[in-house]
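Trainee: Provided herewith is a single structure, encoded as structure tokens, for subsequent inquiry.
Numbering (full-length UniProt numbering), first residue to last: 1 to 318.
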């Protein structure tokens, strides 16, 4: 006679439970960008490149991956330059200067680029540039991006001096720029941006005030060089804007506080706010892909990010 326990075991053995579907996960690759940033996000066939470190970062690590994406028949759905800083923009300059014009890309097709340059900001007309102003702007342009090599040894060091601004490359090479021609700025508060395969991007920075502050800081640096113009946007002014922002030494925060061996402090007590205008202009975003939320902050100011996340949380509770 079969016991009830044996009978139950036979029933369980005869029943096949459905296999739990394998949960899909977005893929994130972080490149060796020394003290810079470079990330490739993949969700199914959707690809997003966020910054590209130094020129050597792009040549030694990112280039082959982009070629593999292109060989699989895919494109970069979005390229994000978080802000104009030497350890974020150098690899992007190398990439876009090598990728060829619209309709004849040599590495990979890029569907859209996000980059806040001078033309992206609303501005009031200023005084026209004089001949001496133009000569000064040309001198800054000739100097180019004074991008030092990354710290430590590099496998294939290349010239760090770049002669074209990212804005100039985007315009001349025919990229879709900030959903148009680059005259709109990408800031917090914009509607969620949808990409293929259900990927969504919510911008949480920068506030437009940070972009205006960067423009004011750049003008102040140019005034020190005897520039008296009004920074009316044209190719020459835009080149000088990016090149000076990426190359000029910025204000430093107060000395970092230390913890004594006999005491303890909360992290909030040790926090020193960032004061870098270029860092404050960083594009920061939440990428939602395959049920996961990925937070990319560039070098955004912590207080701006915290304020925007709190605002979003309050809106969701209404």
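From the three backbone atoms N, C-alpha and C, an ideal C-beta is built for every residue, glycine too.
All figures in this text were calculated on a predicted structure; none of them were measured in a lab.
1) Quick check for students: name the residue ranges of the alpha helix (DSSP H) that lie wholly in the region 206-233, counting only runs of 4 or more.
2) Could you tell me which residues DSSP pairs with residue 181 in its beta bridges?
3) Tell me which same chain residues have a C-beta within less than 7 Å of the C-beta of residue 218, skipping the five on either side of it?
4) For residue 299, collect the residues of the same chain with a Cβ closer than 6 Å to its Cβ; drop the 5 residues on either side in sequence, then sort them by chain order.
5) Grab me the residues of residue 102's own chain with a C-beta within less than 6 Å of its C-beta, minus the 5 sequence neighbours each way, in chain order.
6) Once DSSP output is grouped into helix, strand and coil, what is the label at residue 297?
7) Using beta-carbon positions only, say whether residue 83 and residue 166 come within less than 8 Å of one another.
8) Could you round the C-beta distance between residue 36 and residue 54 to whole angstroms and report it? I think they count as a contact, below 8 Å.
9) So who's on the other strand from residue 292, going by DSSP bridges?
10) Do residue 76 and residue 96 have their C-beta atoms within less than 8 Å of each other?
11) Taking all protein chains shown into account, decide if residue 42 is buried (16 or more other Cβ within 10 angstroms of its Cβ) or exposed.
12) Buried or exposed: residue 68, going by 16 or more other Cβ atoms within 10 Å of its Cβ?
13) Which residues bound the beta strand (DSSP E) around residue 46?
14) For residue 243, which three-state DSSP category applies?
15) Going straight from the alpha carbon of residue 134 to that of residue 201, what length do you get?
16) What number of angstroms, rounded off, separates the C-alpha of residue 234 from the C-alpha of residue 127?
17) Measuring straight from C-alpha to C-alpha, what distance separates residue 185 and residue 92?
18) Taking the Cβ atom as the reference point for each residue, do residue 131 and residue 237 lie within a distance shorter than 8 Å?
19) If distances are taken between C-alpha atoms only, which option among 222, 291, 86 and 30 comes closest to residue 129?
20) CA-CA distance, residue 87 and residue 318?
21) Can you tell me which of the three DSSP states residue 63 falls into?
22) The beta strand (DSSP E) spanning residue 72 covers which residue range?
Mentor: On the basis of the coordinates in this document:
1) Unbroken alpha helix (DSSP H) runs of no fewer than 4 residues, entirely contained in the region 206-233, are found at 208-224, following chain order.
2) Taking the first residue of the chain shown as position 1, residue 181 is located at position 181. For residue 181, which the question treats as bridged, DSSP gives the partners 177.
3) Taking the chain shown and counting its residues from 1, one reaches residue 218 at position 218. In chain order, 241, 244 and 245 place their CB closer than 7 Å to the CB of residue 218, counting only its own chain and leaving out the 5 sequence neighbours on each side.
4) Sequence index remark: in the chain shown, residue 299 carries index 299 (1-based). Cβ contact annotation for residue 299 (same chain, cutoff 6 Å, sequence separation greater than five): 279 and 282, in chain order.
5) Within the chain shown, residue 102 is the residue found at index 102, counting from 1. Contacts found: 174.
6) Taking the chain shown and counting its residues from 1, the one referred to as residue 297 is at position 297. DSSP places residue 297 in coil when its eight states are reduced to three.
7) As a first step, residue 83 must be located in the chain shown, where it is residue number 83. As a first step, residue 166 must be located in the chain shown, where it is residue number 166. Cβ distance not < 8 Å, so residue 83 and residue 166 don't count as in contact.
8) Position 36 of the chain shown, counted from the start, is the residue given in the question as residue 36. Position 54 of the chain shown, counted from the start, is the residue given in the question as residue 54. The pair is a contact, with the Cβ atoms about 6 Å apart (cut-off 8 Å).
9) The count along the chain shown starts at 1 and reaches residue 292 at position 292. Paired residues: 289.
10) On the chain shown, position 76 is the one that residue 76 refers to. On the chain shown, position 96 is the one that residue 96 refers to. At the C-beta level, residue 76 and residue 96 stay beyond 8 Å of one another.
11) Mapped onto the chain shown, residue 42 falls at position 42. Here residue 42 is buried: its Cβ has 16 or more other Cβ atoms, across all protein chains shown, within 10 Å.
12) The residue labelled residue 68 in the question sits at position 68 within the chain shown. Exposed, because fewer than 16 other Cβ atoms sit within 10 Å of the Cβ of residue 68.
13) By 1-based counting over the chain shown, the position of residue 46 is 46. For residue 46, the enclosing beta strand (DSSP E) has its first and last residue at 46-50.
14) For the purposes of this step, residue 243 is taken as the residue at position 243 of the chain shown. It is helical.
15) Taking the chain shown and counting its residues from 1, one reaches residue 134 at position 134. Taking the chain shown and counting its residues from 1, one reaches residue 201 at position 201. Put simply, the backbone Cα of residue 134 is about 40 Å away from that of residue 201.
16) By one-based count along the chain shown, residue 234 stands at place 234. By one-based count along the chain shown, residue 127 stands at place 127. Those two C-alpha atoms are separated by around 14 Å.
17) Translated into the one-based positions of the chain shown, residue 185 becomes position 185. Translated into the one-based positions of the chain shown, residue 92 becomes position 92. Straight-line Cα distance between these residues: approximately 19 Å.
18) Within the chain shown, numbered from 1, the residue matching residue 131 stands at position 131. Within the chain shown, numbered from 1, the residue matching residue 237 stands at position 237. No, Cβ-Cβ distance for residue 131 and residue 237 is not below 8 Å.
19) On the chain shown, position 129 is the one that residue 129 refers to. Residue 222 holds the alpha-carbon nearest to the alpha-carbon of residue 129 among 222, 291, 86 and 30.
20) By 1-based counting over the chain shown, the position of residue 87 is 87. By 1-based counting over the chain shown, the position of residue 318 is 318. Between residue 87 and residue 318, the C-alpha separation is close to 40 Å.
21) For the purposes of this step, residue 63 is taken as the residue at position 63 of the chain shown. Three-state result, residue 63: helix.
22) In the chain shown, the residue the question calls residue 72 occupies position 72. Secondary structure note for residue 72: it is in no beta strand (DSSP E), with a DSSP letter that is neither H nor E.
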